[in-house]
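In our numbering, the protein residues as written are 24 to 343. C-beta: ideal position from N, C-alpha, C; glycine also. Below is one structure, written out as structure tokens; comments come after it.
Shown next, in the form of structure tokens:
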């Protein structure tokens, strides 16, 4: 394979290693995976923005989700206003299990939609109704659009054992500005006391920043990594976060370092991965931040990806 892009090259090498050396494992979703425990990728953010090019990856979905996290939001409405559907299934699952849902049986909808076209049509109809209710009905949105104490809540409103509330992200930025060489520039999304209150326990659990030579680097620890669907988003999301915090703190960008726990390819994603691995890459795009707003006030419209050329998107089912 001819690769001109170091970001695609690193990602492809991880995919190939999992397919070649990974272990077959059962998983929570009952889909089955090929898994490797422990891996690390490094991305030099001065060489471009790591939005993969061997399949199209939506920067809009990545950026709007990150802004949602940064704002401390945990409700679907903001995402749906940007037609961002990546969190829908988890909220929908809770809704169809509630007493308020009176439609057709949606038990195990993640698997049934793949095997039963008639059921899939029913599911799409119910999901469409659900989304419209989130967007247009405030009471419904409040009750059924919330995903619990997921990432944004932990980043911006961590509740400690003393009952005090901590804005981890704002505190982190102040510490980077005032004490750049500290080894405590850490934000954790893994709050053991609140795991049961989350629609999905955090997969990307903890990140740490490091300042050297006026450059800001970020390392993410990800306990569980869906290599085909999730990881391309995670790479771009935390690279974007590094750019935004660097700008907020008057720094340049350094590296994004991605450290994995359980790095897995779902059994029903193998063909899609093989398709992606057969493709050559394009030169990486660049990121432009077209605003001097605070990170806490940025809008998606303030961000721009320049010169992004990619192969077509490759669809694969999400495991819920």
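Span separating the alpha-carbon of residue i from that of residue j
i: residue 24; j: residue 278; result: Caution is warranted here: a pLDDT of 46 is assigned to residue 24, below 50, making its placement in the model unreliable, and the coordinate value is therefore given only provisionally. Spanning the two alpha carbons is a distance of roughly 25 Å.
i: residue 167; j: residue 120; result: 11 Å
i: residue 325; j: residue 85; result: 14 Å
i: residue 139; j: residue 291; result: 16 Å
i: residue 72; j: residue 241; result: 14 Å
i: residue 247; j: residue 337; result: 21 Å
i: residue 243; j: residue 229; result: 6 Å
i: residue 143; j: residue 211; result: 37 Å
i: residue 266; j: residue 275; result: 8 Å
i: residue 197; j: residue 141; result: 54 Å
i: residue 224; j: residue 215; result: 10 Å
i: residue 273; j: residue 311; result: 15 Å
Reference residue i, options the options, closest by Cα
i: residue 114; options: 173, 69, 139; result: 173
i: residue 195; options: 236, 318, 275, 165; result: 318
i: residue 133; options: 245, 231, 54, 332; result: 54
i: residue 40; options: 82, 218, 293, 310; result: 293
i: residue 127; options: 238, 146, 60, 313; result: 146
i: residue 182; options: 150, 199, 50, 217; result: 217
i: residue 270; options: 283, 238, 245, 297; result: 238
i: residue 309; options: 70, 200, 190, 152; result: 70
i: residue 150; options: 91, 110, 179; result: 110
Cβ pair residue i, residue j closer than 7 Å
i: residue 58; j: residue 249; result: no
i: residue 75; j: residue 203; result: no
i: residue 259; j: residue 295; result: no
i: residue 62; j: residue 300; result: no
i: residue 251; j: residue 288; result: yes
i: residue 105; j: residue 87; result: yes
i: residue 304; j: residue 28; result: yes
i: residue 280; j: residue 65; result: yes
i: residue 222; j: residue 158; result: no
Exposed unless 16 or more other CB atoms sit within 10 angstroms - verdict on residue i
i: residue 322; result: exposed
i: residue 329; result: exposed
i: residue 43; result: exposed
i: residue 368; result: Shown here, the chain extends from 24 to 343; a query on residue 368 therefore has no answer.
i: residue 307; result: buried
i: residue 154; result: buried
i: residue 89; result: buried
i: residue 137; result: exposed
i: residue 253; result: buried
i: residue 283; result: buried
- Task: Pair every Cβ in the region 93 to 103 with every Cβ in the region 174 to 191, then say whether three or more of these pairs are closer than 8 Å.
- Result: Short answer: they touch.
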